[in-house]
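For the sequence shown, the positions run 1 to 124 when the UniProt record's numbering is used.
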Amino acid sequence: MGHIRDLTGLLLRTGLLFGGGPRRLVRQMGTLRHWGTTLAGLVASSAARSPSRPALIDDEGVLTFAEVDERAARLAAGLPLHGPRPRVGVLCRNHRGMALTLVACSRRGAEVVLLNTGFGTGQI
Numbered sequence: 001m002g003h004i005r006d007l008t009g010l011l012l013r014t015g016l017l018f019g020g021g022p023r024r025l026v027r028q029m030g031t032l033r034h035w036g037t038t039l040a041g042l043v044a045s046s047a048a049r050s051p052s053r054p055a056l057i058d059d060e061g062v063l064t065f066a067e068v069d070e071r072a073a074r075l076a077a078g079l080p081l082h083g084p085r086p087r088v089g090v091l092c093r094n095h096r097g098m099a100l101t102l103v104a105c106s107r108r109g110a111e112v113v114l115l116n117t118g119f120g121t122g123q124i
């Protein structure tokens with residue numbers, strides 16, 4: 001039991017866990033248990049901890065952690081992935097769609113291959 005207390009203390013000190021009340025803490029621990037420390041897990045955990053905090057700021061405005069988590073979940077639900085460890089190639093410039101795609105792929109357990117927009121057809 002002491003190791004759980006020590007681990008919880010460490011996670012609180014690093015900021016990974018937020019001492020914002022027992023309900024938020026339980027919800028955050030549940031998301032980390034489900035997703036682990038993957039990109040999806042960190043976004044879901046942050047959404048559970050601080051749903052209204054800004055997660056992404058770009059030319060289109062601000063998305064909160066809750067919005068990023070919800071949009072990535074919808075995108076992940078539509079990804080037609082097959083096989084035990086699917087791969088997804090992502091070819092786009094830096095924008096919110098790319099960030100949401102990376103989180104969505106993480107939610108589905110897909111390996112992401114980032115493709116440079118400067119690649120020629122032979123390199124892709």
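All residues carry an ideal CB built from backbone N, CA and C; glycine is no exception.
Boundaries of the beta strand (DSSP E) in which residue i is found, first to last residue
i, result
"D58", "54–58"
Contact under 7 Å by Cβ, residue i with residue j
i, j, result
"A48", "R27", "yes"
"S106", "L32", "no"
"A110", "P86", "yes"
"S52", "T37", "no"
Residue i burial status per 10 Å Cβ neighbour count (16 or more: buried)
i, result
"F119", "exposed"
"L81", "exposed"
"V77", "Inspection of the sequence shows that residue 77 is occupied by Ala rather than by Val. Classification for A77: exposed."
"V62", "exposed"
"D58", "exposed"
Whole-number beta carbon distance between residue j and residue i, since they are thought to touch under 8 Å
i, j, result
"M98", "V88", "Their Cβ separation, rounded to whole angstroms, is 12 Å, which puts M98 and V88 out of contact at 8 Å."
"V113", "L102", "The pair is not a contact, with the Cβ atoms about 11 Å apart (cut-off 8 Å)."
"T117", "R96", "So it is not a contact: roughly 16 Å between Cβ atoms."
"residue 141", "L100", "Residue numbering for the chain in the displayed model covers 1 to 124; residue 141 lies beyond these limits and cannot be assessed."
Below-7 Å beta-carbon distance, residue i vs any chain B residue
i, result
"R71", "No chain B appears in this structure, which consists of one protein chain only."
Pick out the complete alpha helix (DSSP H) segments inside the stretch 41–100, 4 residues or longer, and give them in chain order.
List check, alpha helix (DSSP H) in window: 65–77.
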